[in-house]
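Numbering (our numbering), first residue to last: 187 to 455.
First comes the structure, then the notes that go with it.
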């Protein structure tokens with residue numbers, strides 16, 4: 187639960203940061219600084235820790251007399267005031283989960299919209315520059331001729347233009363963000379649905395009438411949340427050349443790619 191809730195809030199923060207990178211690229215470095223990022227990540231872990239740790243005090247193992255078997259067995263029991271503590275912790279953790287779930291959806295929608303708008307603007311600007319390049323409208327003659335020759339060479343050799351490169355980069359970013367967001371939404375959708383059932387059905391808890399179903403669905407939700415917490419590293423490694431290069435640098439894989447004495451070579455997309 188600790189890592190699942192932490193991952194959800196960190197995912198929401200990362201999505202927000204990327205949204206700022208597209209919306210206000212000139213101000214993002216002053217808004218999201220390394221020091222602020224460290225404080226935010228530390229605050230997330232502290233908040234989730236404070237919300238989760240008291241649960242281990244509220245519930246414990248104790249002796250319970252079972253009339254059907256006429257025996258005393260060990261079962262999960264609440265300490266004095268444990269139900270109140272569990273209710274508060276449950277409210278905090280589920281608030282973190284639902285809020286991060288909604289924020290990821292909202293920030294992803296804003297990010298995709300801004301990326302599409304930016305790509306469309308680049309294509310229009312590139313087309314406008316091509317139409318004016320041969321006539322030198324609004325630009326010096328030498329720059330206009332150089333720009334025209336460069337575009338002609340690119341078209342003749344089949345090389346991608348600068349607008350195409352920018353559009354391809356934007357598409358890769360969109361695919362990466364959509365992949366992370368879709369994985370997050372798919373993995374946390376069972377937990378969100380389970381939370382709605384908990385709110386609407388009073389006997390749907392660990393000691394209530396539907397305790398068996400609660401335990402089964404809880405195991406499924408925990409598995410999905412664990413998958414979300416561990417699968418992102420593979421997505422970033424396969425889709426981000428910068429992340430892949432940094433991963434290889436940290437774990438020493440570049441030495442095996444370039445040899446012992448030669449300089450390390452990093453493969454980029």
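Where is the CB? At the ideal position from N, CA and C, for every residue including glycine.
Source: prediction; values computed, not measured.
Asked                                                                                                          : Found
Start-end ranges of the alpha helix (DSSP H) lying completely within the region 207 to 287, minimum 4 residues : 214 to 217 and 220 to 244
Cβ pair count under 8 Å reaching 3, the region 223 to 230 against the region 250 to 265                        : no
Beta-carbon spacing of residue 287, residue 205 below 7 Å                                                      : no
Nearest-angstrom Cα separation, counted from residue 429 out to residue 435                                    : 10 Å
Option in 290, 362 and 283 with minimal Cα separation from residue 421                                         : 362
For residue 387, three-class secondary structure by DSSP                                                       : coil
For residue 419, three-class secondary structure by DSSP                                                       : helix
Short Cβ contact (7 Å threshold) for residue 300 with residue 208                                              : yes
Candidates 268, 202 and 374, of which the one nearest residue 297 by Cα                                        : 202
Residue burial classification, residue 232 (beta-carbon count within 10 angstroms, cutoff 16)                  : exposed
Counted within 10 angstroms of its Cβ, other Cβ atoms place residue 366 as buried (16 or more) or exposed      : buried
DSSP state of residue 437 mapped onto helix, strand, coil                                                      : coil
Buried/exposed call for residue 198, threshold 16 Cβ in 10 Å                                                   : buried
Cβ neighbours of residue 188 in the same chain (closer than 6 Å, five flanking residues each side left out)    : 234 and 238
Reduced DSSP secondary structure (H/G/I, E/B, other) of residue 395                                            : coil
Residue 404 versus residue 310: straight-line alpha-carbon distance, rounded                                   : 51 Å
Same chain only: Cβ atoms within 8 Å of residue 243, ignoring 5 sequence neighbours per side                   : 265, 268 and 271
Residue environment, residue 217, which counts as buried when at least 16 other CB atoms sit within 10 Å       : exposed
Cα-Cα separation, residue 195 to residue 256                                                                   : 47 Å
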